[in-house]
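**Q** Residue numbers (my numbering): 535 to 1185.
Glycine is no exception: its CB is placed at the ideal position from the N, C-alpha and C atoms.
Computed from a predicted model, the values in this text were never measured in an experiment.
Structure incoming, see below.
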């Protein structure tokens, strides 16, 4: 039995020797690597955070003390140390453990994360609640720590939380895990000496007394205090590079070696002893212990595993796919979106593109390669991305913002207040619309369509296949107003490529006609409706299938025309049912005075958990067989009925 297999509670690591801790770190990395090669997942950042995780659990008493993992990409070692080692091989699988912290899994998980930049705010709230309560143990304050990555540190929400924390001064620890060198480090002997000085209680007490007493000395006190303050600021900004955090009232310690467990433990313990908000800046190596780019053999800890290139994995973007996943022949919708954008930008210098820290995941890196001066990566700042696009549009440019649908939620006020209120021609590409799979509840792209349907001035489209996405992109860039296009993570239908051709906004198309029922789909789910129609036809039921293309403005006349006289109308979307496309069709039929039973195929109310997309679609009954079962049940028919032919129109 390995040392890791004996760990059921993080308290068990408190008394381990240094040799045992080194062995445990190696076992944690090996377990993560072997598991993620099979299940997929965000591996690189968790490999880099092993020593941080061990140090936090060594100086804290979880779950009494609270550890918050911003985003959650770094939390795999935490999961393994908190009683989930025997279930770790179910990572991100249906009914398995999640890829992010989940309160339903363990009392050691403080909140359900997934999005970047939320951790410090959660930590400030926990600290404020602690300081309002009587101490459970008068001799020891509950310890609260937040581990946040350098990319998330740049998000607006994190900055807001830091600013507030510096004002309210709730004692807590923020561990800045810097694995990208995006924050300039202060290094060398002087920095080390300053860190030790700031961590001492004597320094903090002397600083406090000086601030209180010196200004009160008659005549010379205030000028002397100002002189000392100026000298301190000049020295600090020139040498220590800690001005920002100190200026807002947070003690800064850094930069420390994020893989030196002894140094981390000492720093964390000293930070908690200060009784103040403290940020400890540590430098880690992403993919530590299993990256071919690392030349130091000690980093591999003796693991004899086949090489895997972790250097290309960015944990802020895409998780590592499972080993052996088949290569898809068809282009993805993401690739198609960017290809068409690049084609159009070659002849229209107004087109520019914006991403919020996701150039690879959204495909916009290809645009950046062609047009570097017209590409803007604003970091994890989705609202800024959208509002900046409004500014570009007001200045005569044609901005395109590509976001994952789940992150579009973070940009909502910028969309409403800045883009739509001003009716600026901005294209919002909502990638990963619908179910995205193993990343679970925080990442499913199921809420933006219902949220956007109520918004004025916004055209909302979704393609039935990748060629239609090209057409919709071409349409949007000729439209003098805002537009949102929803497209999935999936590969397309492998249809022949051609340049995009503008479509009429608000006009759907009939793909197939039949007299018994009408099925109307929004997005690629239309392909499943065509299969369902064929199956129904084999049983004697003739269905009309409409590709809506637009959720707003909807082709109400076309839908009403084909709904009249039918036994049933079925709407289909890979989105939340409440307030979604189906509700829009129902409203349209009511306005037209057509009263036909309507059945909505959509995602049930609630959050959809992690698992393979195909499994989740089957679970939600929105895969083709599931839709067929729903339609037959709504019609009150079995699979065997007399045959009756449909008429199929050209697609």
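To which residues of the same chain is residue 904 closer than 8 Å at the C-beta, ignoring the five residues directly before and after it?
**A** 876, 879 and 880
**Q** With a 10 Å radius around its C-beta and 16 neighbouring C-beta atoms as the bar for buried, classify residue 476 as buried or exposed.
**A** Past the edges of the chain, shown from 535 to 1185, lies residue 476, and the structure says nothing about it.
**Q** When DSSP labels each residue in this structure, what does residue 1010 get in the three-state scheme?
**A** helix
**Q** Starting from residue 871, trace the beta strand (DSSP E) in both directions and tell me its first and last residue.
**A** That residue, residue 871, is in no beta strand (DSSP E); its alpha helix (DSSP H) goes 867-879.
**Q** Go ahead and pull the three-state DSSP assignment for residue 610.
**A** Reduced to three states, the DSSP call for residue 610 is helix.
**Q** Where residue 720 and residue 813 are concerned, what is the direct C-alpha to C-alpha distance, given to the nearest angstrom?
**A** Bear in mind that a pLDDT of 38 at residue 720, under 50, signals an unreliable position, so the model cannot answer this.
**Q** Thinking just about the alpha-carbon of each residue, which of 991, 1027, 1037 and 1001 is nearest to the one in residue 1010?
**A** Nearest to residue 1010 by C-alpha distance, out of 991, 1027, 1037 and 1001, is 1037.
**Q** Which value, in whole angstroms, describes the spacing of the CA atoms of residue 546 and residue 538?
**A** 10 Å
**Q** According to the neighbour-count rule (16 or more other Cβ atoms, all chains shown, within 10 Å of its Cβ), is residue 1002 buried or exposed?
**A** buried
**Q** Mind checking residue 572: buried by the 16 CB within 10 Å criterion, or exposed?
**A** exposed
**Q** For residue 1064, count the other beta carbons within 10 Å of its own beta carbon; 16 or more makes it buried, fewer makes it exposed. Which is it?
**A** So residue 1064 counts as buried.
**Q** Does the contact criterion of 3 or more C-beta pairs under 8 Å hold for the region 890-903 versus the region 935-949?
**A** yes
**Q** Would you kindly report the start and end of the unbroken beta strand (DSSP E) that includes residue 890?
**A** Neither: residue 890 is in no beta strand (DSSP E) and is coded neither H nor E.
**Q** Taking Cβ to Cβ, would you say residue 1019 is nearer than 7 Å to residue 995?
**A** Yes.
**Q** Go to residue 1134, then tell me how far its beta strand (DSSP E) extends in each direction, as first and last residue.
**A** From DSSP, the beta strand (DSSP E) with residue 1134 extends over 1132-1137.
**Q** How big is the Cα-Cα spacing for residue 569 and residue 608?
**A** 15 Å
**Q** With distance defined between alpha-carbon atoms, name the residue in 1102, 676, 1105 and 1091 nearest to residue 810.
**A** 676
**Q** May I have the straight-line CA-CA distance separating residue 1150 from residue 1164, to the nearest angstrom?
**A** In a straight line, the C-alpha of residue 1150 is about 16 Å away from that of residue 1164.
**Q** Using the C-alpha atoms, what's the distance from residue 1083 back to residue 1057?
**A** One C-alpha to the other measures close to 7 Å.
**Q** State the Cα-Cα distance for the pair residue 1171 and residue 1055, rounded to the nearest angstrom.
**A** It is roughly 22 Å from the alpha-carbon of residue 1171 to the alpha-carbon of residue 1055.
**Q** Can you tell me whether DSSP reads residue 571 as helix, strand or coil?
**A** helix
**Q** Can you list the alpha helix (DSSP H) stretches of 4 or more residues lying completely in the region 1071-1154, in chain order?
**A** 1090-1097, 1115-1125 and 1147-1154
**Q** Report the start-end ranges of each alpha helix (DSSP H) in the region 627-696 that is 4 residues or longer and not cut off at the edges.
**A** 653-666 and 684-687
**Q** Which same chain residues, not among the five before or five after residue 697, have their C-beta less than 8 Å away from its C-beta?
**A** Closer than 8 Å at the Cβ level, and outside the excluded window around residue 697, lie 782.
**Q** Going straight from the alpha carbon of residue 873 to that of residue 929, what length do you get?
**A** 25 Å
**Q** Just to confirm my understanding: we take residue 818, look at its own chain, exclude 5 residues before and 5 after, and list those with CB closer than 6 Å. What are they?
**A** 582, 711, 713 and 792
**Q** Which of the three DSSP states, helix, strand or coil, is assigned to residue 1032?
**A** coil
**Q** For residue 575 and residue 565, I'd like the C-alpha separation in whole angstroms.
**A** 13 Å
**Q** Can you grab the Cα-Cα spacing for the pair residue 563 / residue 800, in whole Å?
**A** 23 Å
**Q** Where does residue 779 fall in DSSP's three states?
**A** helix
**Q** Bridge partners of residue 1052, per DSSP?
**A** 1078 and 1103
**Q** From the DSSP output, read off the bridge partner residues of residue 521.
**A** What is shown of the chain runs 535 to 1185, which leaves residue 521 out entirely.
**Q** Given a cut-off of 7 Å on the beta-carbon distance, is the pair residue 1052 and residue 1078 in contact?
**A** yes
**Q** Out of 661, 550 and 1093, which one is the CA nearest neighbour of residue 593?
**A** 550
**Q** In whole angstroms, what is the alpha-carbon distance linking residue 991 and residue 668?
**A** 52 Å
**Q** On the DSSP letters alone, give me the boundaries of the alpha helix (DSSP H) that residue 589 sits inside.
**A** For residue 589, the enclosing alpha helix (DSSP H) stretches over residues 584-593.
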